[in-house]
Structure formats: structure tokens, C-alpha cells
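Shown next, in C-alpha cells, is the structure this report addresses.
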Amino acid sequence: ALFTTSLSAGERLIGASKIDITPSVPVYLSGYSDRKEPYVGVDEPIWARTMVMKDGSGLWTVWTTVELLGVSPAMRDAVLKEVEPLGVTSARFALCATHTHTAPQLTDVARNILAPRLQGAEADRRDEYTKLVPQKVAESIKAAMKSARPGMLELGWTEAHFAANRRVMKDGKCVAMGPFADGPTDPK
């Protein structure tokens, strides 16, 4: 469990940051099979957002979310390599993605999506961006640590019952996309 000690606000440091991870050159976006070219413009930047907590025993816990389709184990490992010297351990580091289909395609994420197989310069740009993301995430973690101040962290949750499973299943196979009323959802 992450929250196993009882500390006053003065004994716990909390920090946060966000770093722009928007690619500087056009790249293909993830998640759609009919994309025939890289993006043509940026309406909104995409971010790596980090929150850190340093407890009374000096241990850091790090939560980072990136606005990407997903993250690979290799990406997490690359970030961890950069921040382990600062006291971040694997057991106390969470890296997740928002799962947006309007983010750049990455080298080793969602290879089963029916996107075009990139070659040449397009593949090179994708691979360069994939290598850049862990550096930017590490930057976000370092900035969050630098911003850490005494604070309190609280946890709460609720339920949302508007979720729907989009895969129409028949005999255990996806046969169409659309609301599938009998599909599994998790309201918590």
C-alpha cells in the first residue's frame, strides 16, 4: 500500500508539474487505421503530468500520466533509469497514459492497431519521438520534486454508471463496434 503511515502535513512533501510533450515535427497519430499522413497541425499541446510525495522516512512516491495512447515497459524502464539516482524506486513509481487516439504513434505501443506500418523518415520521426518521451517524463518528475512543499494528500472515490462496453461480442469474438449493454464495465 502506498499510504501506510500517518504523517502530519509538515512531514510530507507534495509536488506537481506538467511538461509539454507535443512533438516538434509532424508525426503519425495512434489508433486509427485510415490515417494516411502525419498530423497537419496542433490545436492543443499534450502533457506529461506528475505528482510526487516524499514521506517522513524520505521515500518518494511518483505518479505520472502522459497524454498518449499507452506506454511500454521499455519507456517506463528508461524513465526509471533517469530518476532512480534521485531516490525513486520501481515499487513507488506509476506511469500511465490517458489513452487518447489523438496522440503520436509510438514505437512499441499498440502494435496491433491497424495503423500504417511506417518506414523511412516517418519511422525515424516516430522512433525519435518515442526516445524523447522518457526524457520529458523524467524532466516532469524532477520539476515536481523541486516544487515539493509540506502538504497533505487525501484519497476519495465515487462511482460512475454511464460507462459502456463498445465491443459487440458474439461467441466470444468482437463482431462490431457500438454499445454492448451486456459487456463488462467497472463503475468504480
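Quick note: the sequence shown uses our numbering, first residue 22, plus one each step.
Beta carbons are placed, not taken as given, at the ideal position from N, Cα and C, and that holds for glycine.
{"Query": "Secondary structure at Asp-192, three-state DSSP: helix, strand or coil?", "Result": "coil"}
{"Query": "Excluding the 5 residues flanking Gly-91 on each side, which residues of the same chain have their C-beta closer than 7 Å to its C-beta?", "Result": "Ala-118, His-120, Val-130, Ala-131"}
{"Query": "Express the C-alpha separation of Met-72 and Thr-26 in angstroms, rounding to a whole number.", "Result": "Reliability of the predicted coordinates at Thr-26 is poor, the pLDDT of 44 falling under 50, and the value obtained from them is presented with this limitation in mind. In a straight line, the C-alpha of Thr-26 is about 18 Å away from that of Met-72."}
{"Query": "Could you name each continuous alpha helix (DSSP H) segment of 4 residues or more that falls completely within the region 139 to 186, going from the start of the chain to the end?", "Result": "141 to 168"}
{"Query": "Buried or exposed for Ser-161, please, with buried defined as at least 16 other CB atoms from any protein chain shown within 10 angstroms of its CB.", "Result": "buried"}
{"Query": "Per the contact definition of three or more C-beta pairs closer than 8 Å, is the region 141 to 160 in contact with the region 191 to 200?", "Result": "no"}
{"Query": "Could you pull out every unbroken beta strand (DSSP E) segment of at least 3 residues lying fully inside the region 32 to 108, listed in chain order?", "Result": "34 to 41, 68 to 75, 81 to 87"}
{"Query": "To the nearest angstrom, report how far apart Phe-24 and Trp-84 are at their CA atoms.", "Result": "At Phe-24 the pLDDT is 42, less than 50, meaning the model places this residue with poor confidence; the figure from the coordinates comes in the next sentence. Their backbone Cα atoms lie some 13 Å apart in a straight line."}
{"Query": "Measuring CB to CB, does Val-158 end up less than 8 Å from Val-63?", "Result": "no"}
{"Query": "Which value, in whole angstroms, describes the spacing of the CA atoms of Val-61 and Asp-76?", "Result": "45 Å"}
{"Query": "Between Glu-65 and Gln-156, what straight-line distance do the alpha-carbon atoms span, to the nearest angstrom?", "Result": "21 Å"}
{"Query": "Nearest to Thr-82 by CA position, among Glu-175, Ala-184, Thr-179, Met-166, is which residue?", "Result": "Met-166"}
{"Query": "Please name the residue in Arg-33, Ile-67, Phe-114, Ser-45 whose C-alpha comes closest to that of Gly-79.", "Result": "Arg-33"}
{"Query": "Let me know the secondary structure DSSP gives Ala-197 once reduced to three states.", "Result": "strand"}
{"Query": "Can you tell me the Cα-Cα spacing of Pro-44 and Pro-208, whole angstroms?", "Result": "34 Å"}
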